[in-house]
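Visitor: Submitted below is the structure of interest, expressed as structure tokens.
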Amino acid sequence: MNPTMKGQLKNLAKQHPELVSKELESRQKPGSHHTERLSNWEWKELMGQFEQTLSRRNGALRRGR
Numbered sequence: 906m907n908p909t910m911k912g913q914l915k916n917l918a919k920q921h922p923e924l925v926s927k928e929l930e931s932r933q934k935p936g937s938h939h940t941e942r943l944s945n946w947e948w949k950e951l952m953g954q955f956e957q958t959l960s961r962r963n964g965a966l967r968r969g970r
């Protein structure tokens, strides 16, 4: 009977430990996240509240009020 894939991987890890250690070293832990505090004006700017609003009137684009 053929061994399962999991069993084959365990045998490979026992026979070649240098392959397993490289995989574990290549994993990186997530770093600490820097939180940036934004003012109300910066939030509104990011959300596009200060963008020009264009509308089509009589076939031409006009700036909204």
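The working numbering puts the last residue of the sequence shown at 970; the count rises by one with no breaks. Glycine included, each C-beta is placed from N, C-alpha and C at the ideal position.
1) Could you have a look at Leu-896 and say whether DSSP puts it in helix, strand or coil?
2) Starting from Leu-917, follow the alpha helix (DSSP H) in both directions and report where the run begins and ends.
3) Per DSSP, which one or two residues make a beta bridge with Leu-966?
4) Indicate the three-state DSSP secondary structure (helix, strand or coil) for Leu-943 in the structure shown.
Guide: In short:
1) With the chain represented from 906 up to 970, any question about residue 896 goes unanswered, as that position is not in the structure.
2) 910-920
3) Residue pairing by DSSP places Leu-966 opposite Arg-961 in a beta bridge.
4) Three-state result, Leu-943: coil.
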